[in-house]
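One structure is given here, and the rest of the page talks about it.
There are 2 protein chains.
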Amino acid sequence: MSDVARVAGVSLVTVSRAINEPDKVAPDTLAAVRAAVEQLGYVPNLTAGSLASNRSRIVAAIVPTISNLVFSETIEALAQTLADGGYQLLLGQSGYRAGDEATLVDTFLGRRVDGLVLTGNAQSPALRAKLKRAGVPVVQTWDLPTPPNAPIDMLVGFSNLEAGKAAAQHLIDRGHRALAFIGAEEDRSRLRLEGFRAVAAAHGIGDVQSELIRPPALIDDAGPRLAQILARRPDVTAVFCNNDLLAAGVLFECVQRGWQVPGRIAVLGFGDLAVARAASPRLSTVLIRRAEMGEHAGQMLLARLSGQSTGADLIDIGFEVVTRAST
Amino acid sequence: MSDVARVAGVSLVTVSRAINEPDKVAPDTLAAVRAAVEQLGYVPNLTAGSLASNRSRIVAAIVPTISNLVFSETIEALAQTLADGGYQLLLGQSGYRAGDEATLVDTFLGRRVDGLVLTGNAQSPALRAKLKRAGVPVVQTWDLPTPPNAPIDMLVGFSNLEAGKAAAQHLIDRGHRALAFIGAEEDRSRLRLEGFRAVAAAHGIGDVQSELIRPPALIDDAGPRLAQILARRPDVTAVFCNNDLLAAGVLFECVQRGWQVPGRIAVLGFGDLAVARAASPRLSTVLIRRAEMGEHAGQMLLARLSGQSTGADLIDIGFEVVTRAST
DNA sequence: GTGAAAGCGCTAACAC
DNA sequence: GTGTTAGCGCTTTCAC
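If you read the sequences in order, they're chains A and B.
Residues 47 to 373 (our numbering) make up the first sequence, in order.
Residues 47 to 373 (our numbering) make up the second sequence, in order.
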């Protein structure tokens, strides 16, 4: 930077300003600095800038895994929104392990990230306390506060419990009473199952067969799990899959068996991934606005970081049961 | 840090050492420092550390999009490998735009990342030059050097051209002569098409129908594109899809039409995603070791960063045509 | 095994 | 509009 200053015939600060606040510099000076930057191939050291300004322009996000379209689409939108606001995304994967999440948070705090995006709101009391003490803006995603857990700071999500309830209601409305659930061994999936079971019970349906796959729950788990459910209870007529990809796997399994969907068995998905619109039959599903969630998370952070208080610190983006041909 | 030093009754350097090189500190001193850290809730500022040591312990990766299972699984493995080596991953998405890639590289260089992972090897001469000048370790992925492009530094990939050739050969071996291709408007997809066409031509097949989808190529594009191909050439008997998800879309389209696969039309996928093993019929596909690619990229960087020269700076991980039931 | 001194490359605050 | 001064919180080097 001092080389640039010397070549341009100005001081260090002026170079700094020419780069960071160009309109506070005279046009001629600006041109001279830019020429020098170009000539020398100068690349400003953002690390030094971060240290001096106490702002890193980095936001970190922690997801269970990026290899799940459901999360990757949220992250994609988040990264895009942040990039447009001049922030970079540092990515952490917890692998659904709470311990790893805590470790990641430590590292990220050490890097003095300007904001943090978390998945879910089941963080441990210790972690919540640490985050509050650190004073970093935090956005939790993919869930609403599930009592007794209050939001750590900001939040954008939907009720997984209610989504599970709506799924059950959708199937029961269509006359199904022998219900099954295929999901993952994971907080949000369990909440949906809880809601699913609650509504079933309210309709006098006590026996809801369920299969919980240890993450990652891949599409090729779906067929075998359906088979296991049917082995226990051959008369099942409707299955709620916690992910459209799993639902597609179930559809393929039905093709294999020569079963009609929804004639022999109805299939309800979750997410409204592109596969739901491409499947045959078209998949009924619980639509989640994943990209919108990432965008909201990014915008909440940007608003906070630019000193504006948005007011809306808790957004329920809801969900929607989309009825297509599979139920 | 000076608070910790005071409480522990040692100097700043000792605190630094206790944290970064614990075995170079006497056990008692170490215990005292750790107690002080704990008591004060001290979180070391890694930004300051980076500035002083000139190592950020951050590696950046640029992919076209994270919302494509093909890339996200590579990134997942990369992030995991790096994390195990004490490095974090900074993520950039180029959206398949070369300009965005260059901008991202600038920012990452500004952050003094310790390494860079790029997708493909079609970077512009200007970008290649800049990276070489910067002296950062770079790993290119997902391709072999396509002349005249030499590797920038290290590389792990496979030949997309050869993969396309193998795909054509696979279909031709099974008696197909009316071939079609569904892919994306994107470098690697185009290379595969080129190889596909070359082998077809060598067998006297001049008319290969193709549909190139503007990214992101989603599964729900597959059906309509297949329809367009068939509108132009109804007698097509085999289609090579550049992604297993697209292939699954084609399978669903065939279910819709009541067509037998491979009886009426054979379908060959790409990637060997989980969906290939779950589809009905099971999908023949070109297997790419995506996770392995991410792991290799991470290990090459770690080796370089730890001062070891691995020797192997160019890895061809190859591909494999997996024959299942759809061809 | 531990410490004192000297930066790393920038920006904040204030002066002019 | 531009410059001077004083750090940001660590690590490095070299003594001891």
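Even for Gly, the Cβ is constructed at its ideal location relative to N, Cα and C.
- Of all alpha-carbon atoms in B/LEU150, B/GLN85 and B/VAL285, the one lying nearest the alpha-carbon of B/ALA246 is that of B/VAL285.
- The beta carbons of B/GLY295 and A/ALA324 sit closer together than 8 Å.
- As the crow flies, the alpha-carbon of B/ARG223 is around 28 Å from that of A/VAL301.
- B/ARG310 is classed as exposed because its beta carbon has fewer than 16 other beta carbons within 10 Å across all chains shown.
- Close partners of B/THR153 in chain A (Cβ separation under 8 Å): LEU92 and GLN134.
- One thing to note: B/GLY131 has its Cβ within 8 Å of the Cβ of B/LEU348.
- Nearest CB-CB separation between A/LEU58 and chain B: not below the 8 Å threshold.
- With its beta carbon at least 8 Å from every one in chain B, A/ARG63 lies outside the interface.
- Counting the other Cβ atoms within 10 Å of the Cβ of A/ARG260 gives fewer than 16, which makes it exposed.
- Counting the other CB atoms within 10 Å of its CB gives A/PRO90 a total of 16 or more, which places it among the buried residues.
- The shortest CA-to-CA distance from B/ASN206 to any of B/ILE334, B/THR369, B/ARG370 and B/ASP266 is the one to B/ILE334.
- Spatial neighbours of B/GLN134 in its own chain (CB-CB distance under 6 Å, excluding positions within 5 residues in sequence) are listed in chain order as ILE104.
- With fewer than 16 other Cβ atoms inside 10 Å of its own Cβ, A/SER352 counts as exposed.
- Contact annotation: B/ILE108 and B/THR165 have beta-carbon atoms nearer than 8 Å.
- The closest CA to that of B/THR373, considering only B/ALA293, B/GLY55 and B/GLY364, is found on B/ALA293.
- In this model, B/ARG236 and A/ASP189 are separated by some 41 Å (Cα to Cα).
- At a cut-off of 8 Å between beta carbons, B/GLY269 contacts chain A.
- Counting C-beta pairs closer than 8 Å gives three or more between the stretch 69–80 of chain A and the stretch 48–56 of chain A, which meets the contact rule.
- The beta-carbon of A/PHE286 is placed no less than 8 Å from the nearest beta-carbon of chain B.
- Look at A/LEU329 here: in three-state DSSP terms it is coil, with no helix or strand label.
- Taking 4 residues as the shortest admissible run, the stretch 235–296 of chain A contains the following complete alpha helix (DSSP H) segments, listed from N- to C-terminal end: 265–278.
- For A/ILE265, the residues of chain B that pass the 7 Å Cβ criterion are ALA320, VAL321 and ALA324, in the order they occur in the chain.
- Taking the beta carbon of B/GLY156 as reference, the chain A residues within 9 Å of it are VAL89, PRO90, ASN91, LEU92, THR93 and GLY95, listed in sequence order.
- Excluding residues up to 5 positions away in sequence, LEU292, GLY295 and VAL296 lie with their Cβ nearer than 6 Å to the Cβ of B/ALA268 in the same chain.
- The C-beta of A/ILE112 comes closer than 8 Å to at least one C-beta of chain B.
- Collapsing the DSSP output to three states places A/MET346 in a helix.
- When C-beta atoms of the stretch 249–263 of chain A are compared with those of the stretch 223–234 of chain A, three or more pairs fall below 8 Å, so the two segments count as touching.
- One thing to note: B/PRO110 has its Cβ no nearer than 8 Å to the Cβ of B/SER62.
- Every unbroken stretch of the beta strand (DSSP E) spanning 3 or more residues and falling wholly within the stretch 103–156 of chain B is given here in chain order: 104–109 and 134–139.
- Below the 9 Å Cβ cutoff, chain A contributes GLY87 as neighbours of B/ARG179, in chain order.
- Using a Cβ-Cβ cut-off of 7 Å, A/LEU124 is close to nothing in chain B; its nearest Cβ partner there is about 10 Å away.
- Contact annotation: A/GLY315 and A/CYS287 have beta-carbon atoms nearer than 8 Å.
- Looking at the DSSP output, A/VAL59 bridges to nothing.
- When CB distances to chain B are screened at a threshold of 7 Å, not a single residue of the stretch 204–215 of chain A falls below it.
- The beta carbon of B/MET200 is closer than 6 Å to those of VAL185, MET346 and ASP359 in its chain, skipping five residues each way along the sequence.
- The C-beta of A/ILE108 comes no closer than 8 Å to any C-beta of chain B.
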